[in-house]
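**Student:** Next up is a structure, given as structure tokens.
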Amino acid sequence: MASIADSLTHQLDSLKLVDQPSVVFVDDTTAVSKLVDALDSLPTDKPSIFIDLEGVNLSRHGTISIMQIYDHVAKRTYLVDVYTLGSKCFLTTGSNGQTLKQLLESATIPKVFFDVRNDSDALYGIYQIGLAGIHDLQLMELATRTFSRRCVTGLSKCIEKDAPLSYLERMTWMQTKVKGLELFAPERGGSYEVFNKRPLSEDIESYCAQDVQILPRLWAHYDAKMGQRWREKVMAESKARVRLSQTADFNGNGRHMALAPVGWEYAL
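Heads up: take any position in the sequence shown, counting from 1, add 96, and you land on the numbering used here.
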């Protein structure tokens, strides 16, 4: 007969497996249909969908390799193989006739990005997807600051500073981040083309999945600190960022990308 200690150990191991977000690689139209059905059924009173993109020169001038979508309700991460599927991943219908493009363009389905500008530039420029219903986490961080709002902060710094992670989670995140950077960052001898190699390496898959899984914690952290006036400012500026990214002369590189929206630096 198993001891009480063995039973408790088994229960803890099972709990860990349940709590660990699952990762689904979406690389055919059947998987896309299932993804669309899953996202279409999510509650919309607050964001359930968190999104990030990886690519080579991620913009209208480059390519999208992977779209990471985190379903916060199911605790499931979808890695959509945009490089392989192309427009099929956005135009394939689910059982209700909806497509991923329609979900991304719906103003009534909230979706969270961190700095939506370059992602929107790529989606609109390559696949004619006009994002709507966007909560930009970078703007939420800026809105909740108690110090200078002159410049925005990058995702890694926000995770380091604000994400409510355990010590083990934080160490795992840092190790995964470093492994990924060594594979794709040119300044470390890597290449962004690793996002287009199939199958994805285990290190790149982990890198793609982990940040988007942390976004819900950052959203909850910042949302709890915002009043209604700042929420409205964030939503309005999130829309403005999407519109800006769709203009003919948008440039997603340069120092201007680090500046706060006009009027935010000294706003109360």
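The beta-carbon is built from N, C-alpha and C at its ideal position, and this holds for glycine as well.
Measure how close the beta-carbons of V120 and R172 come, nearest whole angstrom, since I'm counting them as under 8 Å.
**Tutor:** Numbered from 1 along the sequence shown, position 24 holds the residue referred to as residue 120. Numbered from 1 along the sequence shown, position 76 holds the residue referred to as residue 172. Indeed they touch by this definition, with Cβ atoms about 6 Å apart.
**Student:** Please report the straight-line C-alpha distance between Q306 and T140, rounded to a whole angstrom.
**Tutor:** Taking the first residue of the sequence shown as position 1, residue 306 is located at position 210. Taking the first residue of the sequence shown as position 1, residue 140 is located at position 44. If I take the Cα positions, the gap works out to 23 Å.
**Student:** Going straight from the alpha carbon of T242 to that of V128, what length do you get?
**Tutor:** Along the sequence shown, read from residue 1 onward, the residue named residue 242 stands at position 146. Along the sequence shown, read from residue 1 onward, the residue named residue 128 stands at position 32. C-alpha separation (whole angstroms): 42 Å.
**Student:** To which residues does DSSP link V120 through a beta bridge?
**Tutor:** What you label residue 120 is simply residue 24 of the sequence shown in a count that begins at 1. Looking at the DSSP assignment, V120 forms a beta bridge with Y174.
**Student:** Please work out which residues of its chain come closer than 8 Å, Cβ to Cβ, to I310, disregarding the five sequence neighbours upstream and downstream, and give them in chain order.
**Tutor:** The residue labelled residue 310 in the question sits at position 214 within the sequence shown. For I310, where only same-chain residues beyond five positions count, the Cβ hits under 8 Å are I255, A259, L261 and W269.
**Student:** May I ask you to report which of helix, strand or coil DSSP gives L111?
**Tutor:** Residue numbering aside, residue 111 sits at position 15 when the sequence shown is read from its first letter. Note that L111 scores 36 on pLDDT, short of 50, meaning its location in the model is unreliable and no value can be drawn from it.
**Student:** With C-beta atoms as the reference, is L154 less than 8 Å away from A218?
**Tutor:** Position 58 of the sequence shown, counted from the first residue, corresponds to residue 154. Position 122 of the sequence shown, counted from the first residue, corresponds to residue 218. Yes, the Cβ-Cβ distance between L154 and A218 is below 8 Å.
**Student:** What is the residue span of the beta strand (DSSP E) that V152 lies within?
**Tutor:** Along the sequence shown, read from residue 1 onward, the residue named residue 152 stands at position 56. Start and end: I145 to V152.
**Student:** Would you call the stretch 317 to 330 in contact with the stretch 156 to 167, where contact means no fewer than 3 C-beta pairs closer than 8 Å?
**Tutor:** Not touching, per the Cβ criterion.
**Student:** Alpha carbons only, please: which of E289, R213, V176 and N214 is nearest the one belonging to K197?
**Tutor:** Taking the first residue of the sequence shown as 1, we reach residue 197 at position 101. K197 has its Cα closest to that of V176, out of E289, R213, V176 and N214.
**Student:** With a 10 Å radius around its C-beta and 16 neighbouring C-beta atoms as the bar for buried, classify R337 as buried or exposed.
**Tutor:** As a working mapping, residue 337 is identified with position 241 in the sequence shown. Burial call: buried.
**Student:** Helix, strand or coil, according to DSSP, for Y166 in the structure here?
**Tutor:** If you number the sequence shown from 1, residue 166 lands on position 70. Reduced to three states, the DSSP call for Y166 is strand.
**Student:** My output table needs one value for A344: the three-state DSSP class, helix, strand or coil.
**Tutor:** Counting from 1 along the sequence shown, the entry for residue 344 is found at position 248. Reduced to three states, the DSSP call for A344 is coil.
**Student:** Can you check the stretch 218 to 266 for any beta strand (DSSP E) of at least 3 residues that lies completely inside it and give the ranges in chain order?
**Tutor:** Correct list: 230 to 232.
**Student:** Could you tell me the alpha carbon to alpha carbon distance between T343 and L264, rounded to whole angstroms?
**Tutor:** Residue 343 sits at position 247 when you count from the first residue of the sequence shown. Residue 264 sits at position 168 when you count from the first residue of the sequence shown. The alpha-carbon atoms of T343 and L264 are separated by roughly 43 Å.
**Student:** Can you tell me which of the three DSSP states S155 falls into?
**Tutor:** Here residue 155 is taken as the residue at index 59 of the sequence shown, counted from 1. Looking at S155 - three-state DSSP - the assignment turns out to be coil, as it is neither helix nor strand.
**Student:** Please work out which residues of its chain come closer than 8 Å, Cβ to Cβ, to K275, disregarding the five sequence neighbours upstream and downstream, and give them in chain order.
**Tutor:** The residue you call residue 275 lines up with position 179 of the sequence shown. Excluding residues within five positions, the ones whose Cβ falls inside 8 Å are D299, S302 and Y303.
**Student:** For a test of your reading of the model: does the CB of D124 fall under 7 Å from any non-hydrogen atom of the ligand GDP? Yes or no.
**Tutor:** With respect to small molecules bound, the structure shown includes none, and the ligand GDP cannot be examined in it.
**Student:** Helix, strand or coil: which one does DSSP assign to K48?
**Tutor:** Not covered by the structure: residue 48. The range shown for the chain is 97 to 364.
**Student:** May I have the straight-line CA-CA distance separating M353 from E361, to the nearest angstrom?
**Tutor:** The residue labelled residue 353 in the question sits at position 257 within the sequence shown. The residue labelled residue 361 in the question sits at position 265 within the sequence shown. One C-alpha to the other measures close to 15 Å.
**Student:** When burial is assigned at 16 or more other CB atoms within 10 Å of the CB, is H157 buried or exposed?
**Tutor:** The residue you call residue 157 lines up with position 61 of the sequence shown. By the neighbour-count rule (16 or more Cβ atoms within 10 Å), H157 is not buried but exposed.
**Student:** Taking the beta carbon of K253 as the centre, do at least 16 other beta carbons fall within 10 Å, making it buried, or is it exposed?
**Tutor:** As a first step, residue 253 must be located in the sequence shown, where it is residue number 157. Label assigned to K253: exposed.
**Student:** Return the Cβ separation of D232 and S334 in integer angstroms, given the expectation that the two are a contact with Cβ distance under 8 Å.
**Tutor:** As a first step, residue 232 is located in the sequence shown; it is residue number 136 there, counting from the start. As a first step, residue 334 is located in the sequence shown; it is residue number 238 there, counting from the start. Their Cβ separation, rounded to whole angstroms, is 4 Å, which keeps D232 and S334 in contact under 8 Å.
**Student:** Okay, do the stretch 183 to 195 and the stretch 279 to 299 touch, 3+ Cβ pairs below 8 Å being the bar?
**Tutor:** Judged by Cβ distances under 8 Å, the stretch 183 to 195 makes no contact with the stretch 279 to 299, as fewer than three pairs qualify.
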